[in-house]
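When you line the first sequence up against the numbering used here, it's residues 2 to 315, in that order.
Yeah, the Cβ is synthetic: ideal placement off N, Cα and C, and Gly gets one too.
Because the structure is a prediction, the values reported are computed rather than measured.
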Amino acid sequence: MADDPYLERGDNSVRGLASLRSAAERGDETLPELPEVETVMRGLVPRLEGRVLTRVVQRRPDLRFPRPENFVQRLEGRRVVRLGRRAKYILMELSGGETLICHLGMSGRFLLLEPPAPPPLPHDHVDFETAEGGTIRFNDPRRFGFMLLTETAKLAQHPMLRDLGPEPLDPGFDGPTLLARLAGRRSPLKAALLDQSVVAGVGNIYASEALYEAGLSPRRLASSLGPARAHRLAVAVREVLTRAVAAGGSSLRDYVQVSGELGYFQHAWRVYDRAGEACDDCPGSAPATGRRCAGIQRIVQSNRATYYCPRKQR
DNA sequence: CGGCAAACCTGCGAGC
DNA sequence: TGCTCGCAGGTTTGCC
C-alpha cells in the first residue's frame, strides 16, 4: 500500500481505514465478497452507528447507477440507526424510515478520516460527515459500487435484495437447504454457487475455495448432488467464509491500533490464483492409487476463472 | 424461463 | 521507454 495516496500524505489524517483493493493491485487482499463486506461493515459501526449525518457530499451524479432522487437531502440530518449486511450489501438503516443500500462493487472502499478531512482525491465519490466531526469517505475507482435508497419497510422487496438466497452464515443454512436450491439446476456447480439466489454472498474466489474444501468438481452438474454431497458443500461454504470473516476481524482490530498499514485479509487461498501449483491435499506421489495429481488447474466457466484440483475434486 | 455472454469501469502487467 | 492490449471482478442487461 506504499503507493496509496491516503497513506502517503503523511499528515496523519487517516486514523482508520476500511479498505479493499483488487487482487490485481494487491496480492494480499481479496475482492469484496461476503467476508470482506462484513469486515468493512463492522469497521464502520463505531464511526456511524447511532450518529447523525450532518453533511453529505456527492461529487459525481452517479456511481454504477444514477444517483437516487434527492440523495443528499434524504440523508442529511438522519441518524444511522443500525448497520447491517445482506449478501454483499451493506445496509445503513436511517431514521425517517429509509435505508441506504451500499455495494462495494469491485474496488469500493470506505476511508475513516479525522477532522479536518483532507481534500478529495480522484475517485472519492461520497462523503458522510457526522456530528462528532469525522468523515466517512467512499472511494471507488472502477465505479462498480453503488448506493441506493429505499423505504426500510420495503427493504426485503427491493429488486436488489428480493431474490437473494439464504445467508450462508445463518444457522438455517445446511445441506437440505442447499440441496433444494440446487435442484433442477442444469448449470455447472461453480456457476450455481455464484448465483446469488442459490447462496447469498459467495463470489468467484470463495466459490472455488469452497468447492475445493468440499472435494467437488466445479464442472459437475449442479443438480447431480445428493444429500451427502450437498451437506459437504454447505459445510465447506460456511467454513471458508467463517475463516475469512475471522481473519478480517482480527486484522481490522490490528489496523485500527496501528493506524497505518492495513494488513488484513492475509488470506490463505488453497486453489484460487494458484494454477500449476501442487494441491495441498494430494500426496506427492501415489502410484499405487493410479491417478496422479497434476496440480491445480485453471479453467473458464461462464467467463470467469475457476481453479480446482481435478484429482481431489469430483 | 434458464443459462450464457457481453457490458459497465479502471488499473495493472505483459508484450511489442 | 512508451504504447496497446487483455484481464480481473459483481451485477445487470440482452440474447438465444
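Assigned secondary structure, residue i (DSSP; H/G/I helix, E/B strand, else coil)
{"i": "A215", "result": "helix"}
{"i": "I137", "result": "strand"}
{"i": "G249", "result": "helix"}
{"i": "F174", "result": "coil"}
{"i": "Q158", "result": "helix"}
{"i": "A287", "result": "The predicted model places A287 with a pLDDT of 49, which falls under 50 and marks its position as unreliable; any figure quoted below should be read in that light. Coil at A287, not helix or strand."}
{"i": "F72", "result": "helix"}
{"i": "A306", "result": "strand"}
{"i": "R163", "result": "coil"}
{"i": "R299", "result": "strand"}
{"i": "V203", "result": "coil"}
{"i": "S198", "result": "coil"}
{"i": "P117", "result": "coil"}
{"i": "L263", "result": "Reliability of the predicted coordinates at L263 is poor, the pLDDT of 35 falling under 50, and the value obtained from them is presented with this limitation in mind. The answer is coil: DSSP assigns L263 none of H, G, I, E or B."}
{"i": "E210", "result": "helix"}
{"i": "V272", "result": "coil"}
{"i": "E240", "result": "helix"}
{"i": "R293", "result": "coil"}
{"i": "A235", "result": "helix"}
{"i": "A181", "result": "helix"}
Residue span of the alpha helix (DSSP H) that contains residue i, given as start and end
{"i": "R43", "result": "35-49"}
{"i": "R312", "result": "Run containing R312: none; DSSP gives neither H nor E here."}
Nearest-angstrom Cβ-Cβ length linking residue i and residue j, presumed shorter than 8 angstroms
{"i": "K191", "j": "L212", "result": "6 angstroms"}
{"i": "G202", "j": "P169", "result": "6 angstroms"}
{"i": "A132", "j": "R52", "result": "6 angstroms"}
{"i": "L180", "j": "P228", "result": "6 angstroms"}
{"i": "L234", "j": "A208", "result": "That pair is no contact at about 11 angstroms."}
{"i": "S198", "j": "Q314", "result": "About 24 angstroms; that fails the 8 angstroms criterion."}
{"i": "T40", "j": "V246", "result": "7 angstroms"}
{"i": "R56", "j": "E77", "result": "6 angstroms"}
Beta bridge counterpart(s) of residue i as assigned by DSSP
{"i": "P189", "result": "L222"}
{"i": "T151", "result": "T100"}
{"i": "L84", "result": "M93"}
Beta strand (DSSP E) segment containing residue i, residue limits
{"i": "V127", "result": "125-131"}
{"i": "R79", "result": "No beta strand (DSSP E) holds R79; DSSP gives it neither H nor E."}
{"i": "V53", "result": "From DSSP, V53 is part of no beta strand (DSSP E); its letter is neither H nor E."}
{"i": "E94", "result": "90-95"}
{"i": "L114", "result": "110-114"}
Taking contact to mean 3 or more Cβ pairs, one atom from each stretch, closer than 8 angstroms, check whether the region 72-83 and the region 30-42 are in contact. Too few Cβ pairs lie closer than 8 angstroms, so no.
Can at least three beta-carbon pairs, one atom from the region 178-196 and one from the region 104-116, be found at a separation below 8 angstroms? Short answer: they don't touch.
Indicate whether the contact test is met: 3 or more Cβ pairs, each with one atom in the region 88-96 and one in the region 115-127, closer than 8 angstroms. Too few Cβ pairs lie closer than 8 angstroms, so no.
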